[in-house]
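**Q** So in the numbering used here, spot 27 of the sequence shown is number 27, and the numbers just go up one at a time. In this text, a Cβ means the ideal position worked out from N, Cα and C, and glycines have one as well. Okay, here's the structure, questions in a sec.
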Amino acid sequence: MRLISILIVSLCLFFIFWANKKETTLNFKETISRDTEQNPKLKNYHIPLQKILDSLGIDKKSTRLFVSKSNYVLSVKKGESILKTYPVVFGTNPVDDKRQEGDRCTPEGVFRVKAKYPHKSWSKFIWFDYPNKESYKKFDEAKRLGKIPQDATIGGEVGIHGVPKGHDNAIDQRNNWTWGCISLKNKDVDEIYNATFEGMKIEIIH
Numbered sequence: 001m002r003l004i005s006i007l008i009v010s011l012c013l014f015f016i017f018w019a020n021k022k023e024t025t026l027n028f029k030e031t032i033s034r035d036t037e038q039n040p041k042l043k044n045y046h047i048p049l050q051k052i053l054d055s056l057g058i059d060k061k062s063t064r065l066f067v068s069k070s071n072y073v074l075s076v077k078k079g080e081s082i083l084k085t086y087p088v089v090f091g092t093n094p095v096d097d098k099r100q101e102g103d104r105c106t107p108e109g110v111f112r113v114k115a116k117y118p119h120k121s122w123s124k125f126i127w128f129d130y131p132n133k134e135s136y137k138k139f140d141e142a143k144r145l146g147k148i149p150q151d152a153t154i155g156g157e158v159g160i161h162g163v164p165k166g167h168d169n170a171i172d173q174r175n176n177w178t179w180g181c182i183s184l185k186n187k188d189v190d191e192i193y194n195a196t197f198e199g200m201k202i203e204i205i206h
């Protein structure tokens, strides 16, 4: 009888543990599925991105980046679900779309990662394909309408990078300090760097 009682108690404890574990997993998935870019609050910021991907069985090559300039956030997305968001800052003109070299605006549109590499000043650099065909189309139109000088150049070398060592406060204070790039805290750009790949989609909106 004592052995039977021990077995019954053990089975009860097992089912309680299994139910709690299942509930936690479901809640985690439901939390992610409810996240949208309309809510600028940071999502899962203190959970490592790789842990999120592993928990949901997501291959990083099925993810994309989404940047909202007005909300100051960069999101890692799977389809329309936000997996994680990070605080970011932009060029010294954070409002306008980039029109030409030297305007210090962050470009808007859909881009692709073309390369990534360590950076001696800003930890990492994730280079995306500005200017692309759509960028040139907007650039030529701005010239035609006289919004920029005829001798203006379109610029390039735009990407995602960190901050000079010890200057994470630039992100906390929303200090738009770059020449048009997207800047994160170094620990955040290091994490994103490991999840990005050549050809990854990056959408940037105002």
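For serine 62, I'd like the list of residues in its chain whose CB is within less than 7 Å of its CB, leaving aside the five on either flank, ordered along the chain.
**A** Lys78
**Q** Measure the C-alpha to C-alpha separation of arginine 112 and lysine 201 and round it to an integer number of angstroms.
**A** 5 Å
**Q** Taking Cβ positions, are isoleucine 205 and lysine 69 nearer each other than 8 Å?
**A** yes
**Q** Who are the Cβ neighbours of phenylalanine 197 in its own chain at under 7 Å, not counting the five residues just before and after it?
**A** Lys60, Lys61 and Val113
**Q** My parser needs the beta strand (DSSP E) runs of 3 or more residues fully inside the segment 140-188; what are they?
**A** 159-161
**Q** Touch check for the segment 77-96 and the segment 117-127: three-plus C-beta pairs under 8 Å?
**A** By the Cβ criterion, the segment 77-96 is not in contact with the segment 117-127, since fewer than three pairs of Cβ atoms, one from each stretch, lie closer than 8 Å.
**Q** Among Val89, Glu134 and Asp103, which one has its Cα closest to the Cα of threonine 153?
**A** Asp103
**Q** Reducing DSSP to helix, strand and coil, say where aspartate 56 ends up.
**A** For the sequence presented, residue 56 should be read as leucine rather than aspartate. Reduced to three states, the DSSP call for leucine 56 is helix.
**Q** Kindly confirm or deny that the segment 180-188 and the segment 74-88 touch, where touching means at least three C-beta pairs closer than 8 Å.
**A** yes
**Q** Looking at glutamate 203 and valine 67, is the spacing between their C-beta atoms short of 8 Å?
**A** yes
**Q** If you compare alpha carbons, which of Leu74, Lys98 and Lys41 is closest to lysine 137?
**A** Lys98
**Q** Buried or exposed for glutamate 108, going by 16 or more other Cβ atoms inside 10 Å?
**A** That one is buried.
**Q** Note the first and the last residue of the continuous beta strand (DSSP E) segment covering valine 89.
**A** Premise fails: valine 89 is in no beta strand (DSSP E) and is neither H nor E.
**Q** So does alanine 115 have its beta carbon nearer than 7 Å to some heavy atom of the ligand SAH?
**A** The model depicted lacks the ligand SAH and carries no ligand whatsoever.
**Q** Can you grab the Cα-Cα spacing for the pair leucine 49 / glycine 146, in whole Å?
**A** 45 Å
**Q** Are the Cβ atoms of lysine 133 and phenylalanine 125 separated by less than 8 Å?
**A** Cβ atoms of lysine 133 and phenylalanine 125: not closer than 8 Å.
**Q** Since valine 158 and phenylalanine 128 should fall inside the 8 Å C-beta cutoff, what is the C-beta to C-beta distance between them, to a whole number of angstroms?
**A** 7 Å
**Q** Do glutamate 130 and glycine 156 have their C-beta atoms closer together than 8 Å?
**A** A quick correction: the sequence has tyrosine, not glutamate, at residue 130. Cβ distance < 8 Å, so tyrosine 130 and glycine 156 count as in contact.
**Q** Give me whichever residues DSSP pairs with lysine 201 in a beta bridge.
**A** Arg112
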